[in-house]
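Right, one structure below, let's go through it.
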Amino acid sequence: MDECGAALRAGAPDGHVVVARRQSAGRGRVGRAWHSSGDGGLYLSVLLRGFANAAAARGLTLAVGIGVLDAVRTLGVAGATLKWPNDVLVGPRKLAGILTEWVGEGDGGSTRREAPTPAAPSSPGAAIVGIGLNVAQRSFPGELAAIATSIAVESGRPALPDDALATLLAGLEPAVDSFRRDGLAWVVPAWSARSDQWGRRARAGGVEGVLLRLAPEGSLIVRGDDGRESVVTADAVELL
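So the sequence shown is residues 36 to 275, counted in the working numbering.
If you want it as structure tokens, here you go:
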């Protein structure tokens with residue numbers, strides 16, 4: 036994502052993509068590390084101009100998730116699903132993760148922050164979307180073996196990062212275009228239809244209960260054990 040930020044400052048166009056086969060400093064939400072084995076993962080950053088603020092970029096995270104999910108299903112992983120706000124899972128195992136940062140253009144791209152509560156897109160500013168996708172790995176080290184998976188494992192056939200890249204970009208384009216055109220009115224129902232977390236118990240934002248639905252602004256609604264519904268904007272959601 037740092038290389039994509041440098042490209043922004045150098046005047047790179049909307050849709051500029053930086054691709055890596057291995058990350059030396061990959062990160063996820065709230066600073067979590069993203070494992071990069073260097074032997075079959077696909078890691079890319081996409082520069083998307085025309086987002087006025089960090090809130091707009093958060094809605095973009097959900098839209099990108101839709102595009103990533105549609106791509107991995109095309110690649111043969113029919114059982115993939117979305118976990119709020121930024122993961123693609125197969126069962127309990129993570130297949131892909133997304134991190135969106137908003138970058139202010141008025142200061143030469145020096146203002147960067149992770150995106151907060153979802154909102155619809157507007158005008159100046161840019162978003163840098165980082166995507167990590169496990170493609171060709173057949174195994175994962177240590178504790179990751181129980182929580183990570185790949186396209187090769189789930190599809191049961193060889194998978195190449197180059198092929199996955201083409202399919203991924205083909206999935207992202209219509210999703211981003213739909214978000215730019217229709218905003219959260221499109222994202223919320225489209226994302227909800229691609230997730231199987233509804234009705235499951237989870238712990239999110241200090242609330243333990245049942246996941247009900249997305250709010251109109253893209254936040255998560257949870258019915259606590261006391262019967263009350265809470266709107267959750269925290270990023271850590273633990274499925275129980």
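Just so it is clear, CB atoms sit at the ideal spot from N, CA and C, and this is done for glycine as well. Predicted model, so just to flag it, every value in this text is computed and none were measured.
Start and end residues, beta strand (DSSP E) containing residue i
i, result
"V222", "Note, V222: premise wrong, no beta strand (DSSP E); alpha helix (DSSP H) at 219 to 228."
"D122", "122 to 125"
"L275", "Neither: L275 is in no beta strand (DSSP E) and is coded neither H nor E."
"R236", "236 to 239"
"A131", "128 to 139"
Same chain, Cβ closer than 8 Å to residue i, neighbours up to 5 away in sequence not counted
i, result
"A42", "H51, V53, L82"
"L124", "A115, T116, L117, K118, L130"
"A237", "E243, G244, V245, L246, V257, V272, E273, L274, L275"
Close Cβ partners of residue i (< 7 Å) along its chain, the five nearest in sequence each way excluded
i, result
"T146", "Its pLDDT being 44, under 50, T146 is placed unreliably in this model, and the coordinates cannot settle the point."
"V223", "L249, P251, G253"
"V267", "A239, G240, V242, S254, L255, V257"
Residue j beta carbon less than 9 Å from that of residue i
i, j, result
"E243", "D260", "yes"
"D270", "P120", "yes"
"L97", "W226", "yes"
"A194", "G75", "yes"
"F175", "L95", "no"
"E136", "G165", "yes"
"A199", "L110", "yes"
"R235", "T184", "no"
Boundaries (first-last residue) of the alpha helix (DSSP H) holding residue i
i, result
"A55", "That residue, A55, is in no alpha helix (DSSP H); its beta strand (DSSP E) goes 52 to 55."
"G40", "37 to 44"
"I186", "186 to 190"
Status (buried if at least 16 other CB within 10 Å, exposed otherwise) for residue i
i, result
"L104", "buried"
"E178", "exposed"
"P196", "buried"
"V65", "Note on V65: pLDDT 45, under 50, position unreliable in the model; the coordinate value appears next. Classification for V65: exposed."
"A154", "Residue placement at A154 is flagged as unreliable, the pLDDT there being 43, under the threshold of 50; the coordinate-derived value follows with that caveat. The residue is buried, with at least 16 neighbouring Cβ atoms inside 10 Å."
"G160", "buried"
"A90", "buried"
Cut-off 6 Å between Cβ atoms - residues of its own chain near residue i, not counting five sequence neighbours on either side
i, result
"D212", "none"
"A162", "L83, F86, A92, L95, T135, W137"
Counting Cβ pairs, one atom from each stretch, are 3 or more of them under 8 Å apart for the segment 177 to 193 and the segment 103 to 117? yes
Below 8 Å, how does it come out for the segment 171 to 185 and the segment 202 to 209: are there three or more Cβ pairs, yes or no? no
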